[in-house]
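Structure first, then comments.
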Amino acid sequence: MSRALAAAGMFSYLRERFSSHLRERGRRRARLVSKDGRCNIEFGNVEQSRFVFLIDIWTTILDLRWRYKMTIFISAFLGSWFLFGLLWYVVAYIHKDLPEFNPSINHTPCVENINGLTSAFLFSLETQVTIGYGFRCVTEQCATAIFLLIFQSILGVIINSFMCGAILAKISRSKNRAKTITFSKNAVISKRGGKLCLLIRVANLRKSLLIGSHIYGKLLKSTITPEGETIILDQVNIEFVVDAGNENLFFISPLTIYHIIDKNSPFFHMAAETLLQQDFELVVFLDGTVEATSATCQVRTSYIPEEVLWGYRFAPIVSKTKEGKYRVDFQNFSKTVAVDTPHCAFCLYNEKEAKAKEKKGYDNPGFVLSEVNETSDTKIARLSHPSPPLDGKVSTQSSALITRQSYQKWLHQARTVKREAGVRPLRLR
Numbered sequence: 000m001s002r003a004l005a006a007a008g009m010f011s012y013l014r015e016r017f018s019s020h021l022r023e024r025g026r027r028r029a030r031l032v033s034k035d036g037r038c039n040i041e042f043g044n045v046e047q048s049r050f051v052f053l054i055d056i057w058t059t060i061l062d063l064r065w066r067y068k069m070t071i072f073i074s075a076f077l078g079s080w081f082l083f084g085l086l087w088y089v090v091a092y093i094h095k096d097l098p099e100f101n102p103s104i105n106h107t108p109c110v111e112n113i114n115g116l117t118s119a120f121l122f123s124l125e126t127q128v129t130i131g132y133g134f135r136c137v138t139e140q141c142a143t144a145i146f147l148l149i150f151q152s153i154l155g156v157i158i159n160s161f162m163c164g165a166i167l168a169k170i171s172r173s174k175n176r177a178k179t180i181t182f183s184k185n186a187v188i189s190k191r192g193g194k195l196c197l198l199i200r201v202a203n204l205r206k207s208l209l210i211g212s213h214i215y216g217k218l219l220k221s222t223i224t225p226e227g228e229t230i231i232l233d234q235v236n237i238e239f240v241v242d243a244g245n246e247n248l249f250f251i252s253p254l255t256i257y258h259i260i261d262k263n264s265p266f267f268h269m270a271a272e273t274l275l276q277q278d279f280e281l282v283v284f285l286d287g288t289v290e291a292t293s294a295t296c297q298v299r300t301s302y303i304p305e306e307v308l309w310g311y312r313f314a315p316i317v318s319k320t321k322e323g324k325y326r327v328d329f330q331n332f333s334k335t336v337a338v339d340t341p342h343c344a345f346c347l348y349n350e351k352e353a354k355a356k357e358k359k360g361y362d363n364p365g366f367v368l369s370e371v372n373e374t375s376d377t378k379i380a381r382l383s384h385p386s387p388p389l390d391g392k393v394s395t396q397s398s399a400l401i402t403r404q405s406y407q408k409w410l411h412q413a414r415t416v417k418r419e420a421g422v423r424p425l426r427l428r
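Residue numbers (numbering that gives the first Met the number 0): 0 to 428.
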């Protein structure tokens, strides 16, 4: 029985893990931009797409993956060596320099010591790579051989330049520099400077800076226009700022960028309870110039509603050592801490407006609380002729300002006095 229960528990656990894995894969597929910046988009029915890519052959080769690039690199050299090896063999065959033709002792071949296809291939390799062993060489007997030697030398230089340049450009691309810029795993929403903000943490893992850094965002969601048109990927600009702005960031330490959720923000009508029900993708871009190579670099990442935490802030990661140096603890880079946060931006700003309206109100010094031990005559006299306090203020020792509940109590007492004494009380406006 215990084994059966254990097996059932293990089966349910594996099923739950598998279901969560499928849900996570579904969320990943729904992204337009992955967490590492790759775009999840596919082009179909593009006319003459192959010819377009062949026209821009340099960019096509640079965009290839390393396995395809190395395949082209090796194939280019091996193919050229073998092709010219065949040509050298044809030259030797036409000139009857091969041993099967039994050339005479006084016969001068076009290329010395070419006895077959293998030796022709080796001569082609030595010529193009400029090894120059000296055992095989071209003679002045054949003009065709001289022309072929010149042509192979020029073509070999072109192949070397193109392929080595492609490898060097692939290695030095700013795309690789972008991998040393990291974003926090989650975005958080909390109060900052008295305003509700969406915050994201970004860090530069290298000591070299990004010059002229600029950060911004795009909110992608499906919208329906007033004309009834459905836009699947409608882009809304999201302004991110740091304390000093959003341009020319001093990227020496991790920065917390934030977007103020005000009435102009697309997050203004979202709340903590409805955040997970939203269908959007927040794509964040960071542009800058690499200090070492002066190449332009762009870093991208995205956040979906499940990755936006409402009511959290980032844990501090920068500290100062005893030696006076600043230390960054990347172990807590994406760590968050729960804080008190309004459940929606609309409520936060309405609360501020209500408090502002209360500050604009004024107190009526004529409304005062009555003492319990007063007689009816003194109560009528005081209520009928309220005396204003000095300097327009009410003394806290003699009386207190009336609240709405106290005013209702005072009105009830005045009506009671009216019925008992037959005196018409003063009506205050």
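Beta carbons are placed, not taken as given, at the ideal position from N, Cα and C, and that holds for glycine.
Reduced DSSP category for residue i - H, G, I as helix; E, B as strand; rest coil
{"i": "C141", "result": "coil"}
{"i": "L13", "result": "helix"}
{"i": "Y361", "result": "Unreliable positioning characterises Y361 in this predicted model, as indicated by a pLDDT of 36, which lies under 50. A coordinate reading is not provided."}
{"i": "I231", "result": "strand"}
{"i": "L368", "result": "Unreliable placement is indicated for L368, whose pLDDT of 42 sits below 50; the coordinate value is still reported in the next sentence. In the structure shown, L368 sits in coil (DSSP, three-state: anything other than H, G, I, E or B)."}
{"i": "A337", "result": "strand"}
{"i": "R403", "result": "Interpretation of R403 is limited by its pLDDT of 48, a score under 50 that renders its predicted location unreliable; the figure taken from the coordinates is listed afterwards. Three-state DSSP puts R403 in a helix."}
{"i": "I379", "result": "Caution applies to I379, whose pLDDT of 46 falls short of 50 and renders its modelled position unreliable; the value that the coordinates give is listed next. If DSSP states are grouped into helix, strand and coil, I379 belongs with the helices."}
{"i": "K319", "result": "strand"}
{"i": "F313", "result": "strand"}
{"i": "F146", "result": "helix"}
{"i": "K174", "result": "helix"}
{"i": "C136", "result": "coil"}
{"i": "A270", "result": "strand"}
{"i": "L248", "result": "coil"}
{"i": "F83", "result": "helix"}
Close-in-space but distant-in-sequence residues of the same chain around residue i (CB under 8 angstroms, 5 per side omitted)
{"i": "C109", "result": "V90, A91, H94, D96, V137, T138, Q140, C141, T143 and A144"}
{"i": "F332", "result": "T181, S183, R200, A202, P253 and I316"}
{"i": "S212", "result": "E246, N247, L248, F250, L285, D286 and G287"}
{"i": "D261", "result": "K194, F267, A344 and Y348"}
{"i": "L61", "result": "A165, A168, K169 and R172"}
{"i": "T335", "result": "N185, V187, L308, Y311, R312, F313 and A314"}
{"i": "R14", "result": "none"}
{"i": "Y102", "result": "First, the residue type needs correcting, since residue 102 is Pro and not Tyr in the sequence shown. Hits under 8 angstroms: K95, D96 and P108."}
{"i": "K319", "result": "Y325 and R326"}
{"i": "V32", "result": "C38, N39, E280, V282, R299, T300 and S301"}
{"i": "I54", "result": "none"}
{"i": "D233", "result": "L219, K220, S221 and T222"}
{"i": "G131", "result": "E125"}
According to DSSP, residues forming a beta bridge with residue i
{"i": "L197", "result": "I188 and H258"}
{"i": "T295", "result": "T288"}
{"i": "A202", "result": "T181"}
{"i": "V240", "result": "Y257"}
{"i": "L209", "result": "V289"}
{"i": "Y302", "result": "L281"}
{"i": "K217", "result": "N236 and V282"}
{"i": "L308", "result": "V187"}
{"i": "Y325", "result": "K319"}
{"i": "T222", "result": "I230"}
{"i": "C343", "result": "A270"}
Selection from the options that minimises the alpha carbon distance to residue i
{"i": "T179", "options": "G192, F100 and S207", "result": "S207"}
{"i": "A294", "options": "D286, S301 and T300", "result": "D286"}
{"i": "M162", "options": "R135, L232 and S79", "result": "S79"}
{"i": "S118", "options": "K217, I149 and L86", "result": "L86"}
{"i": "A271", "options": "L308, P102, M69 and K319", "result": "L308"}
{"i": "T300", "options": "A186, T59 and Q151", "result": "A186"}
{"i": "H258", "options": "V298, C346, Y215 and T224", "result": "Y215"}
{"i": "D339", "options": "G227, G36 and S189", "result": "S189"}
{"i": "S123", "options": "R37, F279, T58 and G155", "result": "G155"}
{"i": "H342", "options": "K321, A177, F72 and L274", "result": "L274"}
{"i": "Y302", "options": "I237, D328, V241 and V51", "result": "I237"}
{"i": "V283", "options": "S11, R16 and C38", "result": "C38"}
{"i": "S152", "options": "T224, Q127 and V235", "result": "Q127"}
Same chain, Cβ closer than 7 angstroms to residue i, neighbours up to 5 away in sequence not counted
{"i": "N112", "result": "S118, F134 and R135"}
{"i": "A75", "result": "I158 and M162"}
6 angstroms Cβ shell around residue i - same chain, five flanking residues per side excluded
{"i": "L209", "result": "F250 and G287"}
{"i": "G43", "result": "none"}
{"i": "N114", "result": "P98"}
{"i": "C296", "result": "S173, R176, A177, G287 and V289"}
{"i": "G433", "result": "Past the boundaries of the shown model lies residue 433; the chain is included only from 0 to 428, so the question cannot be answered."}
{"i": "K217", "result": "Q234 and V282"}
Residue i Cβ short of 8 angstroms to the ligand FMN heavy atom set
{"i": "K206", "result": "With respect to small molecules bound, the structure shown includes none, and the ligand FMN cannot be examined in it."}
Closer than 9 angstroms to chain D by CB, residue i
{"i": "G115", "result": "Reference to chain D is not applicable here, since this structure consists of a single protein chain."}
Worksheet entry | Runs of alpha helix (DSSP H) wholly within the stretch 96 to 134 (minimum 4 residues, chain order) | List check, alpha helix (DSSP H) in window: 116 to 128.
Worksheet item: What are the uninterrupted segments assigned as beta strand (DSSP E) that are 3 or more residues long and contained completely in the stretch 27 to 77, given in chain order?
Response: Taken in chain order, the whole beta strand (DSSP E) runs of length 3 or more contained in the stretch 27 to 77 number zero.
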